[in-house]
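Trainee:
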Amino acid sequence: MIKNALLALLISSNLLCIDLAFGSSGIEPTVNNTKTVSSILLLGDSLSASYGMKQNKGWVYLLNQQLAQQNSQYTITNASISGETTSGGLSRIPGILSKKKFDYLLIELGGNDGLRGFPPKLIKNNLLQIIKLAQAKNIPVSIMSIRIPPNYGPRYNKMFTDVFVEVAQETNIPLMPFFMESIAVMPKLMQADGIHPNVEAQSLIVDIMTKEFNQLMIDDSSGK
Numbered sequence: 112m113i114k115n116a117l118l119a120l121l122i123s124s125n126l127l128c129i130d131l132a133f134g135s136s137g138i139e140p141t142v143n144n145t146k147t148v149s150s151i152l153l154l155g156d157s158l159s160a161s162y163g164m165k166q167n168k169g170w171v172y173l174l175n176q177q178l179a180q181q182n183s184q185y186t187i188t189n190a191s192i193s194g195e196t197t198s199g200g201l202s203r204i205p206g207i208l209s210k211k212k213f214d215y216l217l218i219e220l221g222g223n224d225g226l227r228g229f230p231p232k233l234i235k236n237n238l239l240q241i242i243k244l245a246q247a248k249n250i251p252v253s254i255m256s257i258r259i260p261p262n263y264g265p266r267y268n269k270m271f272t273d274v275f276v277e278v279a280q281e282t283n284i285p286l287m288p289f290f291m292e293s294i295a296v297m298p299k300l301m302q303a304d305g306i307h308p309n310v311e312a313q314s315l316i317v318d319i320m321t322k323e324f325n326q327l328m329i330d331d332s333s334g335k
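Here the numbering used here runs 111 ahead of the position in the sequence shown, where the first position is 1.
#1: By DSSP's criteria, Met287 is part of a beta bridge. Which residues make up the other side?
#2: Rounded to whole angstroms, what's the CA-CA distance from Ile138 to Gln176? Just pull it up for me.
#3: Less than 6 Å between C-beta atoms, sequence neighbours within five positions excluded: which residues of the same chain meet that for Trp170?
#4: Using C-beta distances below 6 Å, list every residue in its chain close to Gln240, excluding the 5 sequence neighbours before and after it, in chain order.
#5: By DSSP, does Ile234 sit in helix, in strand, or in coil?
#6: If distances are taken between C-alpha atoms only, which option among Lys322, Asp224, Val310 and Ala245 comes closest to Gly199?
#7: Taking DSSP's pairing of strands, which residues face Met301 in a bridge?
#8: For Arg258, which option in Pro205, Ile294, Pro285 and Thr188 has the closest C-alpha, if you only look at C-alpha atoms?
#9: Taking just the CA atoms, how far does Val276 sit from Pro298?
#10: For Gly206, count the other beta carbons within 10 Å of its own beta carbon; 16 or more makes it buried, fewer makes it exposed. Which is it?
#11: Going by other Cβ atoms of all chains shown within 10 Å of its Cβ, with 16 needed for buried, is Lys232 buried or exposed?
#12: Are Thr282 and Ile242 close, meaning C-beta to C-beta below 8 Å?
#13: Per DSSP, Leu239 forms a beta bridge with which residues?
#14: Quick check on the burial criterion: 16 or more other C-beta atoms within 10 angstroms. Buried or exposed for Leu219?
#15: For Phe290, which residues in the same chain have their Cβ closer than 7 Å to its Cβ, ignoring the five residues on either side in sequence?
#16: Which residue comes first and which comes last in the alpha helix (DSSP H) that contains Gly199?
#17: Buried or exposed for Ala303, going by 16 or more other Cβ atoms inside 10 Å?
#18: Looking only at its own chain, which residues have a Cβ that is under 7 Å from the Cβ of Lys309, when we skip the five neighbours before and after it?
#19: Between the Cα of Ala190 and the Cα atoms of Asp156, Asn182 and Gln326, which residue gives the shortest distance?
#20: Identify the residues that DSSP records as bridge partners of Leu154: which are they?
#21: Kindly indicate which residue of Leu327, Lys235, Ile306 and Ala247 has the alpha-carbon position closest to the one of Ser161.
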């Protein structure tokens, strides 16, 4: 959970999310030197990487802008890459964690694994290892419950969905609802591929994720 010792932030109005994917554009959040930034690391895929649009149109950037305007107590460091799998996330996480101290990790991975029909056991094992690496550095973790289209069949869909429930239960971490569930059912909010949210959907995802992050902080405060 997000630590109870989070300090209030004074973040400049031009705060940008960081994309730790090598070769991508991203700018370190600018903060008052007298304050400490509490950083949530987002390890995700194209759904969080502004796929099909400019970076400053994506939900992570927009949420960070909102947090800056509100002088919020946290910011999001975006390490999401389009096409990323749980295996890719596992291979990248040690390097990411070695470069900066993070206060929290949110894992939004698994969708590409499911779309490629990867074995649920492999997906689960990768997620467990990512969590283990973060927890070894005393970083609280939350995982998002990912969904895939129903055309993969009821058996595989259930096995895939169960992975996230099992991982959350076995590691005793929060399981966050999939932010695409209320978006994907509305064609006007989706890109032509039917998989990725469009620009119009980004502000709605901001609203969804704001509530989820706020709830994490409430839960953390009540549990301390």
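For every residue, glycine included, the Cβ atom is placed at its ideal position computed from N, Cα and C.
Mentor: Taking the coordinates as given:
#1: Met255
#2: Residue placement at Ile138 cannot be trusted, given a pLDDT of 33 that sits under 50; the coordinates are not used to answer.
#3: Gln313, Ile316 and Val317
#4: Shown here for Gln240: same chain residues with a beta carbon closer than 6 Å to its own, the five before and five after excluded, namely Leu201 in chain order.
#5: helix
#6: Asp224
#7: Pro308
#8: Ile294
#9: 28 Å
#10: When all chains shown are included, Gly206 counts as exposed.
#11: Under this definition Lys232 is an exposed residue.
#12: yes
#13: Its beta-bridge partners do not exist; DSSP assigns none.
#14: Leu is not the amino acid found at residue 219; the sequence shown has Glu there. Buried is the call here.
#15: Ile316, Ile319 and Met320
#16: Thr197 to Lys210
#17: exposed
#18: Looking at the sequence itself, residue 309 is Asn, so the reference to Lys does not match. Contacts found: Leu300, Met301 and Gln302.
#19: Asp156
#20: Ile218
#21: Ile306
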